[in-house]
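Using our numbering, read the sequence shown as starting at 94 and increasing by one per residue.
From the three backbone atoms N, C-alpha and C, an ideal C-beta is built for every residue, glycine too.
Model, not experiment: these values are computed from the prediction.
The block underneath contains the structure these notes are about, expressed in structure tokens.
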Amino acid sequence: MYILGIESSCDETSMSIIKDGTIEVATVVLSQMDTHAYYGGVVPEIASRMHIENITLVLDEVLKKANMTMDDIDGIAVTYGPGLIGSLLVGLMAAKTLSFIYNKPLIPVHHIAGHIYANNLVKPLKFPLIALVVSGGHTELVYMKEDYSFEFLGGTLDDAVGEAYDKVARVIGLPYPGGPNVDKLASLGEDTYDLPLPLNDESYNFSFSGLKSAVINLVHNETQRGNEIIKENLATSFQNRVTEILVKKTIMALKNYKVNNLIVAGGVAANKGLRMHLKAACDKENINLTIPDIKYCTDNGAMIGAAGYYAYSKGHKADLSLNAKATVELK
Ligand code: KG4
Ligand code: ZN
Numbered sequence: 094m095y096i097l098g099i100e101s102s103c104d105e106t107s108m109s110i111i112k113d114g115t116i117e118v119a120t121v122v123l124s125q126m127d128t129h130a131y132y133g134g135v136v137p138e139i140a141s142r143m144h145i146e147n148i149t150l151v152l153d154e155v156l157k158k159a160n161m162t163m164d165d166i167d168g169i170a171v172t173y174g175p176g177l178i179g180s181l182l183v184g185l186m187a188a189k190t191l192s193f194i195y196n197k198p199l200i201p202v203h204h205i206a207g208h209i210y211a212n213n214l215v216k217p218l219k220f221p222l223i224a225l226v227v228s229g230g231h232t233e234l235v236y237m238k239e240d241y242s243f244e245f246l247g248g249t250l251d252d253a254v255g256e257a258y259d260k261v262a263r264v265i266g267l268p269y270p271g272g273p274n275v276d277k278l279a280s281l282g283e284d285t286y287d288l289p290l291p292l293n294d295e296s297y298n299f300s301f302s303g304l305k306s307a308v309i310n311l312v313h314n315e316t317q318r319g320n321e322i323i324k325e326n327l328a329t330s331f332q333n334r335v336t337e338i339l340v341k342k343t344i345m346a347l348k349n350y351k352v353n354n355l356i357v358a359g360g361v362a363a364n365k366g367l368r369m370h371l372k373a374a375c376d377k378e379n380i381n382l383t384i385p386d387i388k389y390c391t392d393n394g395a396m397i398g399a400a401g402y403y404a405y406s407k408g409h410k411a412d413l414s415l416n417a418k419a420t421v422e423l424k
């Protein structure tokens, strides 16, 4: 079964053709990163306009790359939420139009299910599993007993981890997107700053706004006193606190649910510190860890095509009344 996966929830216009939920036939990702970098973050109105300009080009390109036509496609999977409403609508309208014209099933995919199923393109998911989803909009722990069954365990109470990275980057003068830049700097420094370990409790929830504020206050106070900030060290201290709490709660979930498969998903899964610390913890606890290649960590149509295959086999099908949702529960 060939599924066309469409993703446009934030600042990437992407489509992919995926065979049987596991094989990537062709993918095109058009990133708007350079445009938004100028403003220091994603500007929703600009994002929607750029999706409109790019969506048909991306469709032509992905079909050309795969050497296929729409007649070869068996289903159209699309991110319907969560995300920026204007951006989501562009991908959704494209999907609905294609579904209507070519009479192909329309498959609604939750963006986070997509991030999780990006791992299926690396190696088939093994159940039961715990998924740690870390991105610019999400920090979530999800339990999956079987394919396309999601139990939300906990998530961030305020900032998502990627969001905290982006804000910390800005206050220490690093360009957008901040996450990769803080990550790079963190590998050069030492953990010398006394920052709090956020929401260090027995729940599966996270909170990063206190840690972010601690960094901002520290920078302001030191600057006012005329003291220089050692940016590398501050990046290391921040990254260590973030990874420590993410690893701690993830291992706690694995133990409590007696699960030994862990997958990591979302843009922050590219973080070198997080990868290293998770690997060490999983080796120690005998847990099978899968983290997708960096190209599958950030938003792309391939993950939507992969998730779409399993969504469809579980009976998830939408009609043309399907609407975009800025926020929507994963289930
Ligand atoms: O999954 P994604 O592409 O988009 C969302 O759905 O949010 O994630 C983007 C987020 C951004 O906040 C970016 O700064 C962060 O992922 N990110 C990183 C790294 N690479 C991307 N954060 C920390 N370390 C990285 N290496
Ligand atoms: Zn994402």
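Determine which residues share a DSSP beta bridge with residue i and list them.
i, result
"M186", "Looking at the DSSP assignment, M186 forms no beta bridge with any residue, so it has no partner."
"H203", "G174"
"N381", "N354"
"P109", "Residue 109 is actually Ser in this sequence, not Pro. Answer is G98, T120, bridged to S109."
"E233", "V226, G248"
"F299", "T249"
"A411", "L199"
"I169", "L97, L199"
Looking only at its chain, what residues have a beta carbon closer than 7 Å to the beta carbon of residue i, apart from the 5 residues adjacent to it on each side?
i, result
"L413", "K189, F193"
"N213", "G114, T115, A399"
"S280", "K365"
"I344", "A374, E378"
"S296", "G247"
"S228", "H208, A253, G255, G359, G360, V361"
"K305", "D252, A257, K260, V261"
Excluding five sequence neighbours on each side, which residues of the same chain lie with their C-beta closer than 6 Å to the C-beta of residue i?
i, result
"S300", "L250, D251, P291, L292"
"H144", "S101, T106, S180, V183"
"V118", "I110, K112, A159"
"P385", "A211, N212, V215"
"I96", "I111, G168, A170, G398, G401, Y402"
"E233", "V226, G248"
"K277", "none"
"E244", "Y236"
"Y195", "M163"
"L320", "According to the sequence displayed, residue 320 carries Asn and not Leu. Nothing meets the Cβ criterion."
"E146", "none"
"S302", "D251, D252"
"A363", "I387, C390"
Could you give the C-beta distance for residue i and residue j, rounded to a whole number, given that I count them as a contact under 8 Å?
i, j, result
"L181", "A417", "4 Å"
"L423", "H203", "5 Å"
"I110", "A159", "5 Å"
"G408", "I200", "About 10 Å separates the two Cβ atoms, so there is no contact after all."
"V235", "A224", "4 Å"
"G282", "G255", "In fact, because the Cβ distance is near 20 Å, the residues do not count as touching under 8 Å."
"V335", "L222", "That belief does not hold up - the Cβ atoms of V335 and L222 are roughly 22 Å apart, past 8 Å."
"A253", "H231", "5 Å"
"Y286", "H129", "That pair is no contact at about 29 Å."
"L347", "I380", "6 Å"
"Y350", "P198", "Not quite, the Cβ-Cβ distance comes to about 33 Å (not below 8 Å), so this is no contact."
"V155", "M94", "Contact flag wrong, Cβ pair sits at about 17 Å."
"L371", "L382", "6 Å"
"P137", "L177", "5 Å"
Might you give, ordered along the chain, the residues of its own chain that have their beta carbon closer than 8 Å to the beta carbon of residue i, omitting 5 neighbours on each side?
i, result
"F220", "M237, K238, E239, D240, N354"
"V275", "Y258, V261, A262, I265, L267, A328, F331, Q332"
"Y173", "L181, L185, P201, V202, H203, A411, L415, N416, A417, K418, V421"
"I338", "L290, P291, L292, N293, F299"
"I322", "I265, L311, V312, E315, T316"
"A307", "L288, P289"
I want to see whether chain B comes within less than 7 Å of residue i, judged by CB atoms only; does it?
i, result
"Y95", "The structure shown contains no chain B; it is built from a single protein chain."
Which residues have their C-beta within less than 5 Å of a heavy atom of ligand 2, listed in chain order?
-> Counting only residues whose CB is nearer than 5 Å to a non-hydrogen atom of ligand 2, the list in chain order is S228, D392.
Contact the region 197-217 vs the region 328-335: 3+ CB pairs below 8 Å = No contact exists between the region 197-217 and the region 328-335.
Are at least three pairs of beta-carbons, each pair with one atom in the region 303-318 and one in the region 352-367, less than 8 Å apart?
-> No: the two stretches stay apart, fewer than three of their Cβ pairs being nearer than 8 Å.
Count the CB pairs spanning the region 115-124 and the region 135-154 that are closer than 8 Å, and state whether there are at least three.
-> The region 115-124 is in contact with the region 135-154.
Could you say if the region 162-173 and the region 126-137 meet the contact criterion of at least three C-beta pairs nearer than 8 Å?
-> The region 162-173, when compared against the region 126-137, does not touch it at the 8 Å Cβ threshold.
Is the region 384-398 in contact with the region 96-107, if contact means three or more CB pairs nearer than 8 Å?
-> Yes, the region 384-398 is in contact with the region 96-107.
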